[in-house]
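Under my numbering, the first residue of the sequence shown is numbered 1295, with each subsequent residue one higher.
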Amino acid sequence: MRRPVQIPRETLIFIRSAIFAAAASLTMLAPVCSEAADGIRMMLKVQIPPDTGNQAIKAGDQGKIFEEMIDKMKPEATYFTQEDGLRTVYFVYTVHDTADFAAIHEPFIQGFGARVYDMPALTWDELKAGFEAIDEKP
């Protein structure tokens, strides 16, 4: 039988703070996002470990996966770089349905063993509209 993992109190406090911060961000973005009839702009960060990235390159899979995903996502921008010793790709794209996240994330996870992070990406005007909506609340 597996033993339960002991998580330090400081870690739990940090996790709880992160959850509250995320909830607050979503609350702030709600007026902006709910009016976005054509979807919500997102920034997807994909980090590929060296071992699995090298295997994908040797097998000829890396280019195929990126081509398929760029065709599927139709990002407004894509940037390839390295961060923390990992091949890193940033996509700025629009999501129309939360059900799309699995179809977007899984090819990177399964194809590269990638770490995938997705977050809303707002322009300054969109962020100001969110701040104004907060200011209007009693």
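For each residue, glycine too, the CB sits at the ideal point set by N, CA and C.
Predicted, not measured: the structure shown is a model, and the values here were computed from it.
In or out: residue i buried (at least 16 other Cβ within 10 Å) or exposed?
i: Q1356; result: buried
i: Q1341; result: buried
i: F1425; result: exposed
i: A1350; result: buried
i: M1413; result: exposed
i: F1406; result: buried
i: I1334; result: buried
i: A1253; result: No answer is possible for residue 1253: the residues shown for the chain start at 1295 and end at 1432.
i: P1401; result: buried
i: W1418; result: exposed
i: V1326; result: Caution is warranted here: a pLDDT of 47 is assigned to V1326, below 50, making its placement in the model unreliable, and no coordinate value can be reported.
Could you give the first and the last residue of the continuous alpha helix (DSSP H) run that contains residue i?
i: A1353; result: P1344 to A1353
i: H1332; result: The amino acid occupying residue 1332 in the given sequence is Asp; His does not appear at that position. Note, D1332: premise wrong, no alpha helix (DSSP H); not H, not E.
i: H1390; result: H1390 -> no alpha helix (DSSP H), and no H or E assigned at all.
i: L1416; result: Looking at the DSSP string, L1416 is not in any alpha helix (DSSP H), and its letter there is neither H nor E.
From the DSSP output, which residues share a beta bridge with residue i?
i: P1369; result: Bridge partners of P1369: none, in fact.
i: K1339; result: Y1384 and Y1411
i: F1374; result: V1383
Should residue i be counted as a contact of the ligand NAP given a C-beta to heavy atom distance under 7 Å?
i: V1386; result: This structure simply doesn't include the ligand NAP, nor any ligand for that matter.
I think residue i touches residue j, with their Cβ atoms under 8 Å apart; what is that distance to the nearest whole Å?
i: I1428; j: L1338; result: Between L1338 and I1428 the Cβ distance is about 26 Å, and since that is not below 8 Å, they are no contact.
i: V1383; j: F1374; result: 5 Å
i: A1423; j: M1336; result: The Cβ separation is near 17 Å, so there is no contact.
i: T1388; j: D1332; result: 7 Å
Would you please verify whether the beta carbon of residue i is less than 8 Å from any beta carbon of chain B?
i: K1339; result: Here there is only one protein chain, and chain B is not present.
Measuring CB to CB, does residue i end up less than 8 Å from residue j?
i: R1381; j: G1347; result: yes
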